[in-house]
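Chemist:
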Amino acid sequence: MSEHAEGHSASYERIKSKKSLAEILEVATSFEQKAFEFYTDLIPKVSKNLRWLVEELAVEEQEHFALFTNLAKDPSIEEQVKQQIQTPVEDRRFSDYIQLPDLGDNIDDQAILQYAMGREDAAMKQYRELSDTTEPGAIHDLFEFLANEETKHKQELEKLYYELIHSGGPGN
Amino acid sequence: MSKELNLWLDDLLKDIKIIQFKRKNSRRVRIDIAPEALPALLELLQGRASYVHLSAISCVDWIEENEFELVYHVWSYETNSLVSAHTRISREPGVYLSVYDLYTPAAFFERDIHEMFGVYFEGSPDMEKFILTEWNGPPPMRKDFDSEAFVNQTFNWEEYHPQWLKDIEAEGGGITTRPEDVR
Amino acid sequence: MSDISYKDKGSILGPFKSLSFFSRKPVTEPFEPRIAADNYRGFHVNDWDVCIGCSTCQKVCDNAAITMIKIPGLPDDPVMGIRNERPAIDYGRCCWCGLCVDICPTSSISLTQEYVHTCRENELDSYFILPDPNGMHNKLFPKGWSKTGDADLVDLERQPMAEMEPQSRSDNFDEIVDGFTKQQAIIEASRCVQCGMCHDSCPTNMHAPEYIRAIWEGDAEEAVRQMYRTNPFSHVCGRVCTHRCETACSIGRRGDPVAIRWLKRYAMDAVSDERVREIAAEGKADFVSGKKIAIIGSGPAGLTTAFDLAKNGHAVTVYEALHKPGGMTRYGIPEYRLPYDRLDADIDVIKSVGVRIECNVRIGSDITMEQLRQDFDAVVVAIGLQQGRSTRIPGSDHEQVRASVDLLRMITAGESFDVPESVVVIGGGNVAMDIARSLARMQKSQYGKVAVTVSALEDFDHFLADPEEVKEAREEGVVILDSRGPKECVIDKNGKLEGLTTLGVISIFDDDGRFAPSYDEVDEQLHHGGMVIESIGQMSDISLFGEELTEELEWNRGRLQADEDGVTSVSWLWSAGDMVHGPDVVHAVADGHRVAASIETYLNEGSSNNE
Amino acid sequence: MRPENYEAIKQPPSNEFELNFGPNHPGIEGNYAFRVKLNGDEVLSARADAGYLHRGFEKLMEGRLWIQNIALVPRICVPDPVPMEVCYSLAIEELCGLEIPERAQWLRVMQLEMSRLAAHLFAFGGHAATTGMYTPMFWGVADRDLILDRFEELTGGRVYSIYNIPGGVRRDMPDGFLDRLGALLDYLDSRLPDYDSLFFRNQVFIRRARDVGAMTQEQALKWGVTGPNLRATGLAFDVRRDDPYLAYEKIDFDVVTQPGGDALSRNLVRRAELKQSIRILRQVIKHLPSVKGAVRCPIPNPLAWNVPAGETYTRVESSKGELAYYVVSNGGDKPYRVHVRGPSSMHAVQVLEKLAVGSRLEDIAQIMFSLDACPPEVDR
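Residue numbers (the numbering used here), protein chains in the order written: chain C, 33 to 204; chain A, 424 to 606; chain G, 9 to 619; chain W, 2 to 381.
Have a look at this one:
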């Protein structure tokens with residue numbers, strides 16, 4: 033389902049061809065920037081009661097974007113990445129079974145969330161695969177780190193999804 | 424003998440129209456009787472049925488009905504049975520006859536009832552104050568005397584203010600419900 | 009008969025017997041504090057972690073020795089039934105009877121084995137003590153008199169209520185529980201210690217201690233009067249309330265909480281509808297204000313608002329899109345839990361104070377919001393959460409995958425649909441139980457057997473539906489599976505729905521208590537069913553606002569923004585009920601009162617928006 | 002110099018004196034006094050004065066919940082508080098139709114007899130003191146304290162045990178209690194000969210108490226005397242046997258009598274009743290372990306307990322005589338009326354006033370103690 037996620041279809045090949053940490057970060061950063069732009073574009077298109085969600089997602093992507101930018105600037109990047117991947121985050125596969133929506137005219141909050149989860153899922157899988165195919169070393173560690181980050185984001189979205197969609201409270 | 428006496432008495436009392444007779448169990452009988460007939464009943468019980476022991480006279484203030492209920496508890500050592508004879512007198516003026524000539528202990532109970540309820544027993548040997556010698560208020564066992572209100576009017580509550588309470592008050596806490604609030 | 013004869017002349021030498029005591033060791037009491045017997049009723053200690061500040065000790069104290077003290081910093085949570093108050097003892101009054109220990113609902117109070125306590129400061133204040141777990145003046149003695157099973161003065165067991173056996177209820181929609189008899193109600197009411205935790209925890213602050221007391225005194229009318237102070241949906245709440253009061257009930261700390269909901273039901277049923285109407289109308293304004301209020305939605309929130317405003321002399325019109333008023337209480341709650349005639353009785357009372365209800369009028373299409381704004385002084389939108397969410401798992405767009413709210417509405421409205429011989433329900437809340445049990449009944453009467461499977465994400469320790477719902481559903485033949493995550497609605501080659509596949513859930517909540525399911529990919533099951541019913545979250549259909557008003561209004565995380573009085577960002581519009589606070593009848597009632605009060609203030613201020 | 006306003010004390014015209022006997026006389030119980038008219042040391046008449054002990058128990062009870070009064074009633078008689086609790090509880094149980102468990106019945110009998118032992122030890126000790134013999138008083142009070150130790154262990158309180166509650170008792174015995182009670186009984190049994198030598202068969206006491214405050218059986222019946230004082234006139238009457246309650250029907254004991262009707266007889270009755278109480282307690286110790294089960298039947302929440310409307314007159318045999326509670330309920334959560342017939346109320350007032358006439362001044366305290374009068378029962 034990663035095909036559906038915007039801007040990620042060809043990214044695997046693109047990243048694979050990069051060799052230095054800086055280059056890889058650069059590509060990753062541009063993915064995040066595109067996502068941010070996507071949500072920002074979406075904001076005026078959705079009904080006002082749903083805007084909060086798209087706005088939050090845009091902010092989230094902006095934070096990712098900032099994270100990557102900061103990483104690129106940081107001289108001790110290797111050290112930092114090593115520390116962060118000590119505790120890998122486990123994928124729980126909740127969103128695997130939610131159909132990816134066609135973000136057409138009738139956009140609702142659930143569709144937006146589904147889309148966002150799918151996007152995080154695709155990114156996560158991508159980085160995980162990249163880390164699996166690289167030799168141990170700084171680059172491997174970086175992919176591992178990025179996969180962890182995306183997994184965490186996905187899980188945050190899953191929580192929100194549950195609270196918004198699954199539990200309107202116990203009801204009567 | 425004692426069984427027979429009880430049966431005889433039950434039969435006798437059941438037949439008397441002015442009284443209500445109720446045997447509660449083998450050793451307890453309740454009789455309700457008009458005030459004018461009570462002394463005669465007691466005389467009968469004492470003289471004919473061996474109820475020689477006046478265990479107590481109880482008084483109940485039925486203020487809503489404006490009546491005092493007097494209950495004479497008499498015991499027979501022969502039949503081992505207790506008869507409680509109930510009668511009601513008007514709360515005003517609250518005067519009744521003494522049964523002292525039948526039962527000596529009546530003097531104590533009548534004096535007590537006079538002191539606590541204000542019922543006057545004509546012919547009782549001693550209607551002087553006994554316990555409340557320095558009390559000039561109304562008879563305190565009457566329902567219309569509120570002793571708690573009297574106490575609250577007459578005495579002060581002790582106000583405590585220990586350090587721990589001051590500390591709690593400084594933090595914004597303190598007493599929420601005093602005991603008198605829930606009584 | 010007697011040991012010594014009266015004629016015995018005695019001996020002058022007898023008393024010399026005492027000389028033998030000269031050689032005995034004298035009895036000396038040690039200077040150290042003596043520890044008393046294990047049961048000794050010494051001084052109070054109170055475990056502050058267990059004490060909930062219910063003040064029952066104060067009520068039983070025969071010497072008025074106990075004062076309740078508010079202590080900032082201690083937990084103070086009405087919903088959990090905890091107050092930040094603790095008892096203080098005046099040892100000038102205490103008689104050490106220990107009744108406070110025996111009655112303490114939480115068993116936090118005990119007496120110590122301390123015999124003597126004197127204070128260095130000879131001030132009276134030092135005998136006014138706030139008992140804590142550390143002993144008096146920090147001198148801790150072992151516990152003496154403390155709660156034991158046979159000494160407990162709290163009745164921990166609830167009065168049993170007669171109810172229909174599973175086999176006789178499983179093919180019909182008759183009400184299951186019989187309700188209390190008068191005798192049962194009085195006994196149940198007598199268990200109450202009048203701590204008021206129920207009142208504090210109730211969203212609409214029902215005067216439960218007062219009506220329980222009235223029931224205990226045999227005065228059902230007074231109980232009803234107390235109920236109508238805060239709740240015009242007393243029949244409904246007497247049957248289907250989420251009863252937070254019972255969660256907070258201090259008796260529930262160690263035993264069954266007082267059956268407050270059933271007591272309410274008892275009192276409502278014990279008083280004739282006519283008399284209830286009279287009681288409810290007490291205090292109704294004897295003038296006509298000339299103000300007009302429109303209310304959209306005839307659920308508990310809307311009708312409570314209407315009831316209050318009509319009693320204040322305003323002309324209130326309630327618009328309902330469906331055939332009958334009641335909202336979710338009618339179209340969401342099955343009749344075996346809430347008979348329609350009892351709901352009708354509540355609504356009749358509300359109508360009787362002058363509320364006009366217009367059914368089959370859909371705002372947004374039949375009448376626009378703009379029209380309401382022009383015709384009325386104030387408008388309240390209380391439309392509830394009437395749309396079912398979909399899981400949107402693969403296959404969930406199949407026509408035999410339905411939403412529980414839609415089916416429940418159809419059942420109430422008497423609309424026919426093909427009852428599937430087997431059905432799978434996704435969801436673990438009370439609504440899931442409602443649809444599962446309703447369909448079980450329909451299956452039983454049509455096919456003679458029940459085939460309903462409920463698959464819930466949550467495990468039984470974190471289940472959303474009430475335990476009694478789960479128990480009763482099982483008794484009626486419903487299979488309930490916990491910790492199952494929906495994976496896919498399986499559709500065969502011919503396009504026919506086969507059922508639902510689910511994955512096992514290994515864990516569902518993270519350390520913060522937020523949702524974070526982890527699935528066991530190996531543990532996959534297929535639950536056969538000709539129909540899959542989705543019964544997860546619900547949402548509002550806000551299309552009635554139209555684009556313009558939607559844009560004008562402020563929103564808060566998808567919900568219409570309203571302050572606690574229901575005031576929206578638009579001056580003439582209020583909102584109340586489930587659409588603001590989530591699904592709960594009694595919350596909706598509470599909301600209704602607040603909104604009515606807010607509108608009242610608004611109208612009185614004369615700031616008419618109808619310029 | 003004689004002050005101007007000095008007036009010489011006028012001597013009475015005869016040898017008659019009026020004397021306030023008490024309330025602070027060492028030989029008189031509690032806050033109680035007599036106004037005594039004397040001719041020399043011969044008593045011409047006596048008037049009981051209740052003093053300031055009145056606490057208004059009966060009125061207080063009307064303002065308290067049914068169960069709150071269990072903490073109040075034992076205070077009506079300090080030396081023998083248990084019968085107060087039991088009698089009050091019995092009344093409520095009768096009004097409510099509560100069947101108390103058998104185990105509770107035996108536990109109540111146990112306390113009642115322990116209380117009787119303690120009260121009788123107190124009584125003869127006190128009597129001895131009025132005749133100038135203080136050793137028996139020390140012995141009596143010291144041995145009573147050993148009983149109070151057992152009360153403390155059983156009930157959590159030494160004097161006001163507040164252990165009975167309508168429906169039964171508040172909790173079961175601690176483990177091994179009966180063994181320790183048995184050991185105490187062995188000790189008390191062994192002390193009886195000591196008491197006899199020191200006091201009951203002490204010629205000084207016998208000669209001092211014989212014929213003091215004597216009444217005939219006829220007088221006793223006429224004056225409403227009950228309890229040991231009545232039995233000391235030869236009439237074998239005991240509420241425990243003749244109007245039985247609790248488990249007393251299942252227990253063997255003798256109703257002790259003495260013929261003299263005087264102070265000596267009354268003490269000898271109490272002496273014999275010590276033995277009988279020990280005998281009863283031994284039966285309790287033997288029987289109680291076989292009575293299993295609850296010690297209290299279920300009762301309503303004390304804060305919401307409406308006792309059905311009605312009235313009852315319950316009686317028990319206290320150490321002082323016939324104790325009775327007349328309890329009236331109007332169906333409310335508090336008693337409408339409680340009338341306490343304190344056993345001493347008869348002999349502490351009317352009987353004592355009569356017996357004092359013709360006696361000598363120094364005998365008044367002895368008469369009062371031989372009657373075992375308990376002033377708070379009079380005042381209530």
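We put the CB at the ideal spot given by N, CA and C, even for glycine.
#1: Kindly list, in the order they appear in chain W, the residues whose Cβ is closer than 8 angstroms to that of G/W153.
#2: Please report whether the beta-carbon of W/I68 lies at a distance below 9 angstroms from any beta-carbon of chain G.
#3: Anything in chain W within Cβ reach of A/N503, meaning under 7 angstroms, just list it in chain order.
#4: Under 9 angstroms, do G/G291 and W/G157 count as touching if we go by C-beta distance?
#5: Can you list, in chain order, the residues of its chain whose CB lies under 7 angstroms from that of W/V240, leaving out five sequence neighbours each side?
#6: Can we say the region 118-131 of chain W touches the region 270-278 of chain W, given the rule of at least three CB pairs closer than 8 angstroms?
#7: When you compare the CB of C/H172 with every CB in chain E, is at least one pair closer than 9 angstroms?
#8: Under the assumption that G/E506 contacts G/V498 (Cβ atoms under 8 angstroms), give the Cβ distance between them as a whole number of angstroms.
#9: Compare the beta carbon distance of G/A193 and G/A278 with 9 angstroms and say whether it is the shorter of the two.
#10: Measure from the alpha carbon of G/A473 to the alpha carbon of each residue in G/A440, G/R338 and G/V326, then state which is nearest.
#11: What residues from the region 89-102 of chain W come within 8 angstroms of chain A, judged by C-beta to C-beta, listed N to C?
#12: Would you kindly report the start and end of the unbroken alpha helix (DSSP H) that includes G/C312?
#13: When DSSP builds the beta bridges, which residues end up paired with A/K589?
#14: What is the residue span of the alpha helix (DSSP H) that W/V83 lies within?
#15: If you drop the 5 nearest sequence neighbours on each side, which residues of the same chain put their C-beta closer than 6 angstroms to that of W/L89?
#16: For W/R297, go through chain G and note every residue whose CB falls closer than 9 angstroms to its CB, in chain order.
#17: Quick one: is C/N180 near chain G, going by C-beta distance under 9 angstroms?
#18: Can you give the Cα-Cα distance for G/V379 and G/F241, rounded to whole angstroms?
#19: Between which two residues does the alpha helix (DSSP H) carrying G/H243 extend?
#20: Checking 9 angstroms against the spacing of the C-beta atoms, do G/R177 and G/E196 come in under that value?
#21: Determine the closest residue to W/V339 out of W/S346, W/V328, W/R36 and W/H348, with distance taken between C-alpha atoms.
#22: Would you call the region 74-81 of chain G and the region 588-602 of chain A touching, i.e. three or more CB-CB distances under 8 angstroms?
#23: Which residues in chain G sit within 7 angstroms of C/Y194, going by Cβ to Cβ distance?
#24: For A/Y527, return the contacting residues in chain W, with the cut-off set at a CB-CB distance below 8 angstroms.
#25: Which whole-angstrom value is the C-beta distance of G/E484 and G/P174, which I expect to be below 8 angstroms?
#26: Pull the bridge partners of W/T315 from the DSSP assignment, please.
#27: Contact criterion: CB-CB distance below 9 angstroms. Does C/N9 meet it with respect to chain G?
#28: Quick check on DSSP: helix, strand or coil for A/A529?
#29: Can you grab the Cα-Cα spacing for the pair G/N618 / G/A598, in whole Å?
#30: Rounded to whole angstroms, what's the CA-CA distance from W/L356 to A/R446? Just pull it up for me.
#31: Which partner residues does G/D528 have in the DSSP bridge list?
#32: List the whole-angstrom C-beta distance separating W/Q204 from G/I20, where the pair is believed to meet the contact cut-off of C-beta under 8 angstroms.
#33: Output yes if chain A places a C-beta closer than 9 angstroms to the C-beta of G/K67; else output no.
#34: Could you name the residues of chain W that A/M564 contacts, counting a contact when the two beta carbons are closer than 9 angstroms?
#35: Run through chain C and tell me which residues come within less than 8 angstroms of G/E613, C-beta to C-beta.
#36: Does A/E459 come within less than 9 angstroms of chain G when only Cβ atoms are used?
Modeler: If we stick to the structure as given:
#1: G157
#2: It does; some Cβ of chain G falls within 9 angstroms.
#3: D243 and D244
#4: Taking 9 angstroms as the Cβ cut-off, G/G291 and W/G157 do not qualify as a contacting pair.
#5: R316, V317, E318 and E323
#6: yes
#7: The structure shown contains no chain E; its protein chains are C, A, G and W.
#8: Right, their Cβ atoms sit about 4 angstroms apart.
#9: yes
#10: G/A440
#11: The region 89-102 of chain W vs chain A, Cβ under 8 angstroms: nothing.
#12: In the sequence on display, residue 312 of chain G carries Thr and not Cys. Here the alpha helix (DSSP H) through G/T312 covers P308 to K319.
#13: DSSP lists no partner for A/K589.
#14: Where W/V83 is concerned, the enclosing alpha helix (DSSP H) stretches over V83 to C97.
#15: For the record, residue 89 of chain W in the displayed sequence is Tyr; it is not Leu. Within the same chain, W/Y89 has close Cβ partners V74 and Y326.
#16: D158 and A159
#17: no
#18: Sequence check: residue 379 of chain G is Gln here, not Val. Approximately 30 angstroms, taken between the alpha carbons.
#19: It spans S242 to V248 - the alpha helix (DSSP H) in which G/H243 sits, taken as one unbroken run.
#20: no
#21: W/V328
#22: yes
#23: F523
#24: Here residue 527 of chain A is Thr; the residue named in the question, Tyr, does not match the sequence. Result: K223, W224, G225 and Q351.
#25: Contact check for G/E484 and G/P174: beta-carbon distance about 6 angstroms, within the 8 angstroms limit, so the pair qualifies.
#26: W/Y326
#27: Residue 9 of chain C cannot be examined here, being either before or after the span of chain C that is shown, 33 to 204.
#28: helix
#29: Note on G/N618: pLDDT 45, under 50, position unreliable in the model; the coordinate value appears next. Looking at the two C-alpha atoms, the distance is approximately 28 angstroms.
#30: 38 angstroms
#31: G/G512
#32: 5 angstroms
#33: yes
#34: G57, E59, K60, E63 and R338
#35: Under the 8 angstroms cutoff, chain C gives no residues; its nearest Cβ is about 29 angstroms from G/E613.
#36: no
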